[in-house]
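Take a look at the structure below.
Numbering (UniProt numbering), first residue to last: 1 to 96.
What follows is the structure in structure tokens.
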């Protein structure tokens, strides 16, 4: 199955990416690589021919449309998130 994982460089997303690649799925890891992202967490999975990375912010509609057009995922696991509540208090516009 071809799976698009948003937030695939985050703590939970990277675990999902590693597991899905290990199970033989094609994985498109889509992440904006903000403060919480760590591509080192998927370094082993990235060696697989079943792994693709897209440096995309989920708020960028045109980029998302391109990813869906180019990769035609069969499933989406939406795990992208900003994990620190204090950031949404300090600058709420970014989260609305």
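Every residue, glycine too, gets a C-beta built ideally from N, C-alpha and C. Source: prediction; values computed, not measured.
I'd like to confirm the pairing. Which residues does DSSP put opposite residue i in its beta bridges?
i, result
"residue 54", "30"
"residue 16", "DSSP lists no partner for residue 16."
"residue 42", "In the DSSP output, where bridge partners are listed per residue, residue 42 has none listed."
"residue 1", "Note: residue 1 sits in no beta bridge, so no partner."
"residue 76", "4"
Can you tell which of the options has its C-alpha closest to the C-alpha of residue i?
i, options, result
"residue 59", "31, 74, 37", "31"
"residue 1", "21, 46, 67", "21"
"residue 8", "33, 63, 62", "33"
"residue 35", "82, 91, 89", "82"
Is the separation between the beta-carbon of residue i and that of residue j shorter than 9 Å?
i, j, result
"residue 52", "residue 74", "no"
Just how far apart, CA to CA, sit residue i and residue j?
i, j, result
"residue 17", "residue 69", "21 Å"
"residue 24", "residue 50", "7 Å"
"residue 89", "residue 57", "20 Å"
"residue 44", "residue 54", "17 Å"
"residue 80", "residue 41", "15 Å"
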